[in-house]
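These notes concern the structure reproduced below.
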Amino acid sequence: MRVLVSSIAYLGFLGISALGQASQFVQPATIGAWKALTHQYEPVALKADLSGFDESEKIALTKMIKATDLLHELYLRQVWDGSPALRAKLAKDKTPLGQQQLKFFDQNTGPWAQLHEDAPAFTGVPAKPSGSNYYPLDMKKEEFEKWTATLSEAERILATGCYTVIRRENGKLKMIPYHEAYAEWVKPAAALLNEAAEGVKNASLKAFLSSRADGLLSDNYFASDVDWLGLDSKIDITFGPYETYDDKLFGYKASYESFIGIVDDADSKRLASLAGELQFLENNLPMADRYKNPALGKASPIKIVNLIYSGGDARGGVMTAAFNLPNDEKVLAQHGSKKVMLKNVQKAKFERILTPLAKLAVPAKELGRLDFEAFFTHILAHELAHGLGPHDIVVGGRKTTVRQELKEQYAAIEEAKADILGLWALDKLVAKGALPKKIAETMYPTYLASMFRSVRFGIEEAHGKGTALQFNYLVDKGAVKWSKETSTFSLNTPKVAEAVQDLTRELLTLQAEGSYDKAKHLLEKYAKVRPEMKRVLDKARSQPVDIEPLYSF
Ligand code: ZN
Numbered sequence: 101m102r103v104l105v106s107s108i109a110y111l112g113f114l115g116i117s118a119l120g121q122a123s124q125f126v127q128p129a130t131i132g133a134w135k136a137l138t139h140q141y142e143p144v145a146l147k148a149d150l151s152g153f154d155e156s157e158k159i160a161l162t163k164m165i166k167a168t169d170l171l172h173e174l175y176l177r178q179v180w181d182g183s184p185a186l187r188a189k190l191a192k193d194k195t196p197l198g199q200q201q202l203k204f205f206d207q208n209t210g211p212w213a214q215l216h217e218d219a220p221a222f223t224g225v226p227a228k229p230s231g232s233n234y235y236p237l238d239m240k241k242e243e244f245e246k247w248t249a250t251l252s253e254a255e256r257i258l259a260t261g262c263y264t265v266i267r268r269e270n271g272k273l274k275m276i277p278y279h280e281a282y283a284e285w286v287k288p289a290a291a292l293l294n295e296a297a298e299g300v301k302n303a304s305l306k307a308f309l310s311s312r313a314d315g316l317l318s319d320n321y322f323a324s325d326v327d328w329l330g331l332d333s334k335i336d337i338t339f340g341p342y343e344t345y346d347d348k349l350f351g352y353k354a355s356y357e358s359f360i361g362i363v364d365d366a367d368s369k370r371l372a373s374l375a376g377e378l379q380f381l382e383n384n385l386p387m388a389d390r391y392k393n394p395a396l397g398k399a400s401p402i403k404i405v406n407l408i409y410s411g412g413d414a415r416g417g418v419m420t421a422a423f424n425l426p427n428d429e430k431v432l433a434q435h436g437s438k439k440v441m442l443k444n445v446q447k448a449k450f451e452r453i454l455t456p457l458a459k460l461a462v463p464a465k466e467l468g469r470l471d472f473e474a475f476f477t478h479i480l481a482h483e484l485a486h487g488l489g490p491h492d493i494v495v496g497g498r499k500t501t502v503r504q505e506l507k508e509q510y511a512a513i514e515e516a517k518a519d520i521l522g523l524w525a526l527d528k529l530v531a532k533g534a535l536p537k538k539i540a541e542t543m544y545p546t547y548l549a550s551m552f553r554s555v556r557f558g559i560e561e562a563h564g565k566g567t568a569l570q571f572n573y574l575v576d577k578g579a580v581k582w583s584k585e586t587s588t589f590s591l592n593t594p595k596v597a598e599a600v601q602d603l604t605r606e607l608l609t610l611q612a613e614g615s616y617d618k619a620k621h622l623l624e625k626y627a628k629v630r631p632e633m634k635r636v637l638d639k640a641r642s643q644p645v646d647i648e649p650l651y652s653f
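Converting from the sequence shown to the working numbering requires adding 100 to each position, the first position being numbered 1.
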């Protein structure tokens, strides 16, 4: 799944509706209106250092990029049959209007406005089918369920699985495996991956490229998922059908996507050293000792990469800044998962989206204390913090989990916990000398600014909700102050560390107790957009919401 770190929330549609934009969506009728839509994405060149690559590696990389373009073509069709023809028509239109429409289409990988709850932006384009192009358009949920009930167990698993499309033939439903339905694209893509495998020297990358090529041709991804977890090369490539967000009918069918990244060695080492501090942090958590875990398991590996290319589901809409894969339960149970952080994407979001927003949210004198290193290190700390604190708990003698006890309150509480515990952890690690002192000065102001970005995405969604909870808690504790004169928020530095520790303690303790009522009460009290914050969000309405990646290949 995509990692929805609050400060890097990748999906904004809920939040945009919270700001009233979705309900106001009007199909653009003028070039000005098209421009306003395309300006919601700020174009940013994404690059990485390829100087250490030799000729054969560069050729291999080119093959991976070509294979990615094939997946992109395939993905267009997974979403909607009409997309390829519409895009071809727009590409021929060289008028300024046509160019804006093409830009919009490419930003959204289709004719629907992703930032406006997938509203159709073109006249004559239907509402986005809830099952995308994975099922016949005239198929209702009930028909599918009735049909699958008639199938053998093995067939039913395939029909409700990730890698089959459902079509209608002579009035009846039938399934087609992806590798047959999409043979026109997966066959040449697999061939390109095999050719790329020949050109690379790193054994783990060679193994992944060829096992993934086999996977594309058989829809059996187990072996290549395991190979993917073991990648230790300069190139980190993620390639295949993964996420099921486009199937809003059932959430079964996977969309093809590709991320090609170059591993950042220095940062990966830095992270490995932080991961080594997890038991120290757990032992010192601000909660009763009886709730602490004396023997933490192994943390899932985290790779830090700079993205140089993406395609399919990974190209359009709000840019993914981190993800956690694979999704296959069998692989997860036996081999675990891996988190990939897209560092240059996060940097672009920090510089081009967060910093301009901060100019409206915090006083000018605090802007100098915003720092990408603090932003990025806090995102890492957030990820690590998910592994700390209570998970399996005992309530009234009964073995259970925090997730089960907190029910629909869980996601927002857990995201808030990861954020605030992440801040607490940075403070502890600086004090211990495990992180540079400078972070202590920049992390709070940077976090204050980044909270506006998260809340902007909406408080119906767990990350936005968890952020609003933290923000208002800090305000009520006097750690964040509103200025009426400048309509901005600033830190009351002497109070911040204590307020952060207090909230960390409250969240960890209610998790340890499995207290649904405390969670509900806390969210009802704090997870709101209060009038002062709304003033700030209103000022930011015409600002870009996210970045549009520009690749140099
Ligand atoms: Zn999280």
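C-beta atoms are modelled at their ideal positions from N, C-alpha and C, and glycine is treated no differently. All values reported here derive from a predicted model rather than from experimental measurement.
Alpha-carbon spacing of residue i relative to residue j, whole angstroms
i           : j           : result
residue 226 : residue 210 : 12 angstroms
residue 123 : residue 350 : Low per-residue confidence applies at residue 123: pLDDT is 49, beneath 50, and the placement is therefore not dependable, though the value from the model is reported in the following sentence. One C-alpha to the other measures close to 25 angstroms.
residue 474 : residue 542 : 6 angstroms
residue 441 : residue 359 : 11 angstroms
residue 216 : residue 125 : 7 angstroms
residue 489 : residue 583 : 36 angstroms
residue 362 : residue 158 : 12 angstroms
residue 298 : residue 457 : 47 angstroms
residue 423 : residue 208 : 20 angstroms
residue 174 : residue 285 : 6 angstroms
residue 243 : residue 272 : 10 angstroms
residue 551 : residue 517 : 14 angstroms
residue 640 : residue 460 : 7 angstroms
residue 192 : residue 183 : 14 angstroms
residue 532 : residue 382 : 14 angstroms
residue 631 : residue 324 : 51 angstroms
residue 586 : residue 558 : 24 angstroms
residue 648 : residue 450 : 14 angstroms
residue 580 : residue 645 : 25 angstroms
residue 468 : residue 146 : 25 angstroms
residue 578 : residue 602 : 13 angstroms
residue 520 : residue 162 : 42 angstroms
residue 99  : residue 186 : Nothing can be reported for residue 99: it is not among the residues displayed for the chain, which extend from 101 to 653.
residue 655 : residue 377 : This structure gives no information on residue 655, because the portion of the chain shown stretches from 101 to 653.
residue 464 : residue 574 : 21 angstroms
residue 576 : residue 570 : 10 angstroms
residue 121 : residue 160 : Only weak support exists for where residue 121 lies, its pLDDT of 43 falling under 50; the coordinates are left without a value.
residue 433 : residue 439 : 16 angstroms
residue 254 : residue 247 : 14 angstroms
Supposed close pair residue i, residue j - CB separation, criterion 8 angstroms
i           : j           : result
residue 352 : residue 262 : 6 angstroms
residue 329 : residue 436 : 7 angstroms
residue 524 : residue 609 : About 14 angstroms separates the two Cβ atoms, so there is no contact after all.
residue 220 : residue 268 : The pair is not a contact, with the Cβ atoms about 24 angstroms apart (cut-off 8 angstroms).
residue 347 : residue 232 : 6 angstroms
residue 535 : residue 591 : At roughly 19 angstroms, the Cβ-Cβ gap does not stay under 8 angstroms, so residue 535 and residue 591 are not in contact.
residue 493 : residue 566 : Incorrect: roughly 20 angstroms between the Cβ atoms, too far for contact.
residue 539 : residue 593 : Incorrect: roughly 15 angstroms between the Cβ atoms, too far for contact.
residue 597 : residue 527 : 6 angstroms
residue 614 : residue 500 : 6 angstroms
residue 654 : residue 264 : Look at the range of the chain in this structure, 101 to 653, and you will see that residue 654 is not part of it.
Proximity test, residue i beta-carbon vs the ligand ZN heavy atom, cut-off 8 angstroms
i           : result
residue 514 : yes
residue 486 : yes
residue 429 : no
residue 483 : yes
residue 563 : yes
residue 399 : no
residue 249 : no
residue 518 : yes
According to DSSP, residues forming a beta bridge with residue i
i           : result
residue 406 : 362
residue 273 : 268
residue 589 : 582
residue 212 : 220
residue 356 : 341
residue 142 : 647
residue 501 : 492
residue 102 : 423
residue 412 : 357
residue 441 : 404 and 422
residue 336 : 361
Proximity test, residue i beta-carbon vs the ligand GTP heavy atom, cut-off 8 angstroms
i           : result
residue 571 : Among the ligands modelled here, namely the ligand ZN, the ligand GTP does not occur.
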